[in-house]
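If you read the sequence shown in the numbering used here, its first letter stands for residue -7, the second for the next number, and so on. The beta carbon of each residue, even a glycine, is placed where N, CA and C say it ideally should be.
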Amino acid sequence: MSELDKYKQKRRIGRTPEPKAEKRRSDSGRVFVVQKHRASHLHYDFRLEDRGVLKSWAIPKGPSLDPAVKRLAMAVEDHPLDYAQFEGVIPEGEYGGGTVMIWDRGDYRPEGTDDVEAALRKGELKFVLNGSKLKGSWVLIRTRNTQWLLIKHRDSYASPDDVAVSQPTSVVTRRTLAEIAAHEGGDVDKAATGDPQGSQRTGTKDVGHGNVGQAARRPSKKTLRERRNLR
Ligand code: MN
């Protein structure tokens, strides 16, 4: 059974909103996408197009621009190419249930080889990303079994900045996870736990005027939830 078949077996087409697998190749043939995914745990799905599928790794802490930081990347099953377009809510109880954001995307170029499959089989792939948040040279190295490390190479795009915190929103729609969940019928409270503290835009703007006592009081959790659900 192919890796893509494993994915299709887990999915129940028609029950969930992700696209069906139809497309065979992107224009460049080398798309990459990073999808921030608040499922049972927050993680970042790092995907590289090769031979018509998205080779995929789940990175709990997300990519780091700091070459001194090695990020654990768990290899997961290939995903269909069309999945790179998906941002929205997968219903709870379904495979990957939760909120999905397109956190970054662009093209990539393998370094030192044209054969991505062979490089991955050997357990080391160097590549250059041309995304909005992620650029420059990187490497994926297998440490054992399905366990890999994603590491930034030293170049002009390396930075000590924690890009997952400084740039937390969708590269396509600029939405936070909570906003995606609110717009698309997801679990807003659960999604919000994947947004950095302070990125929620339910701030003080819509606290009522003319009632200082009310405005000064911290809104209850229930009020915040209701407010978020309205958006
Ligand atoms: Mn995922």
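- Task: Find out if the Cβ-Cβ distance for the pair Lys144, Pro9 is shorter than 8 Å.
- Result: no
- Message: Looking only at its chain, what residues have a beta carbon closer than 7 Å to the beta carbon of Ser124, apart from the 5 residues adjacent to it on each side?
- Response: Asp96, Gly98, Val163
- Query: By a C-beta neighbour count over all protein chains shown, 10 Å radius and 16 as the cutoff for buried, is Lys182 buried or exposed?
  - Reply: buried
- Buried or exposed: where does Lys28 fall if 16 or more other Cβ atoms within 10 Å of its Cβ makes it buried? buried
- Taking contact to mean at least 3 C-beta pairs separated by less than 8 Å, is the stretch 67 to 76 in contact with the stretch 14 to 27? yes
- Task: Sort out for me which residues DSSP pairs Tyr36 with in a bridge.
- Result: Lys28, Ile51
- Query: Lys118 bridges to which residues according to DSSP?
  - Reply: Val131
- Query: Which one or two residues does DSSP pair with Gly80 in a beta bridge?
  - Reply: Val92
- With respect to the beta strand (DSSP E) encompassing Asp(-3), which residues constitute its N-terminal and C-terminal limits? Unbroken run through Asp(-3) is the alpha helix (DSSP H), -5 to 2; no beta strand (DSSP E).
- If you drop the 5 nearest sequence neighbours on each side, which residues of the same chain put their C-beta closer than 7 Å to that of Thr161? Arg167, Thr168
- Query: Which term fits Ser48, buried or exposed, when burial requires 16 or more other beta carbons within 10 angstroms of its beta carbon?
  - Reply: buried
- Query: Does the ligand MN have even one heavy atom less than 7 Å from the beta-carbon of Ala50?
  - Reply: yes
- Message: Assuming contact is defined by CB atoms lying nearer than 8 Å, are Val23 and Glu(-5) in contact in what I supplied?
- Response: no
- Please classify Pro55: is it buried, with 16 or more other beta-carbons within 10 angstroms of its beta-carbon, or exposed? buried
- Message: Please state whether the Cβ-Cβ distance between Lys53 and Arg39 is less than 8 Å.
- Response: no
- Task: Using only the heavy atoms of the ligand MN, determine whether one of them is closer than 7 Å to the beta carbon of Ala76.
- Result: no
- Query: With Trp130 and Leu141 assumed to form a contact (beta carbons below 8 Å), what rounded beta-carbon distance in angstroms separates them?
  - Reply: No, Trp130 and Leu141 are not in contact; Cβ-Cβ is about 11 Å, not under 8 Å.
- Using the Cα positions of Pro11 and Ala170, report the straight-line distance between them to the nearest angstrom. 22 Å
- Message: For a test of the three-state rule: what should DSSP assign to Tyr149, helix, strand or coil?
- Response: coil
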